[in-house]
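Engineer: Under our numbering, read the sequence shown as residues 1 to 154, first letter to last. Glycine residues also receive a C-beta, built at the ideal position from the N, C-alpha and C atoms. These figures come from a predicted structure and were not determined experimentally. So that we are looking at the same thing, I have put the structure below in structure tokens.
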Amino acid sequence: MIRTMLVAVGAAAVLAPVVATTAAAAPVPGNCTANDVRFEMVKDQNELANRHAHVNILSNGATCALQGHIGNLALVSNGQATPVNVTAQGSGALATVRPGKGASFKLHYATGVDPQVRATALRFTLPGDGSTTEVAWNGDPVNSAALRIEPVQN
Numbered sequence: 001m002i003r004t005m006l007v008a009v010g011a012a013a014v015l016a017p018v019v020a021t022t023a024a025a026a027p028v029p030g031n032c033t034a035n036d037v038r039f040e041m042v043k044d045q046n047e048l049a050n051r052h053a054h055v056n057i058l059s060n061g062a063t064c065a066l067q068g069h070i071g072n073l074a075l076v077s078n079g080q081a082t083p084v085n086v087t088a089q090g091s092g093a094l095a096t097v098r099p100g101k102g103a104s105f106k107l108h109y110a111t112g113v114d115p116q117v118r119a120t121a122l123r124f125t126l127p128g129d130g131s132t133t134e135v136a137w138n139g140d141p142v143n144s145a146a147l148r149i150e151p152v153q154n
């Protein structure tokens, strides 16, 4: 876009063109929304034996950022969400999610200890706009007081 601006040079006024440029905006910390990303749970037998799972965060075509860790987790069972107080391990760095470059974090959990919820999904609230996204869980009873998340990392 080109605009003109009145510039005073000595005693004469000159119309000088002003060219507005827009640089590609850097991702804002914590601006990912549920429309931007999708979560994918990765659990192998070794991880299940050690009570943790990797969660991959993949882009839906957008570039956005996640700061530190994912909070505001809920366990979902029969459509009912049970909020969970998640302990974050460390603060983590800014993780940028873009097409072809995702991020991941590790979720540590306990089973068989009260209070527990037989969850069929984990619901995460994304910081960008408070939207939520869910990832399927295998229905194991999860101790809702003993969830810990390692920082999101690229």
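Work out the CA separation of Arg118 and Ser104 for me, nearest whole Å.
Structural biologist: The straight-line gap from Cα to Cα measures roughly 24 Å.
Engineer: Taking the alpha carbon of Ala34 as the point to measure from, which residue in Val42, Leu107 and Thr63 has its own alpha carbon closest?
Structural biologist: Measuring from the Cα of Ala34, the nearest candidate turns out to be Thr63.
Engineer: On the CB-based measure, 16 or more other CB atoms within 10 Å of its CB, does Gln80 come out buried or exposed?
Structural biologist: Result: exposed.
Engineer: Step through the CB atoms of chain C and report whether any lies within less than 8 Å of the CB of Glu150.
Structural biologist: Any reference to chain C falls outside this structure, which holds one protein chain only.
Engineer: Measure the CB-CB distance between Thr133 and Leu126 and report whether it falls below 8 Å.
Structural biologist: Yes, these two residues count as a Cβ contact at 8 Å.
Engineer: I need the straight-line Cα distance from Ile57 to Ser131, nearest angstrom please.
Structural biologist: So the two alpha carbons sit approximately 15 Å from each other.
Engineer: Measuring only the C-alpha atoms, how far is Val84 from Glu40?
Structural biologist: Taking the straight line from one Cα to the other gives about 19 Å.
Engineer: Comparing C-alpha positions only, which one of Val42, Ala49, Val55 and Asn72 sits nearest to Ala144?
Structural biologist: With the sequence shown as reference, residue 144 is identified as Ser, and Ala is not the correct amino acid for it. When only C-alpha atoms are compared, the closest one is Asn72.
Engineer: As a quick exercise: from Ala65, Leu94, Lys43 and Asn50, pick the residue whose alpha carbon is nearest that of Asp36.
Structural biologist: Asp36 has its Cα closest to that of Ala65, out of Ala65, Leu94, Lys43 and Asn50.
Engineer: Out of Pro99, Ser59, Cys32 and Ser77, point me to the one whose CA is closest to Gln116's CA.
Structural biologist: The shortest C-alpha separation from Gln116 is found at Ser77.
Engineer: Figure out for me which residue from Gly128, Ala95 and Arg51 has the closest Cα to the Cα of Ala146.
Structural biologist: Of the listed residues, the one whose Cα sits closest to Ala146 is Arg51.
Engineer: Have a look at the DSSP bridge pairing and note the partners of Lys106.
Structural biologist: DSSP output for Lys106 lists His54 as bridge partner(s).
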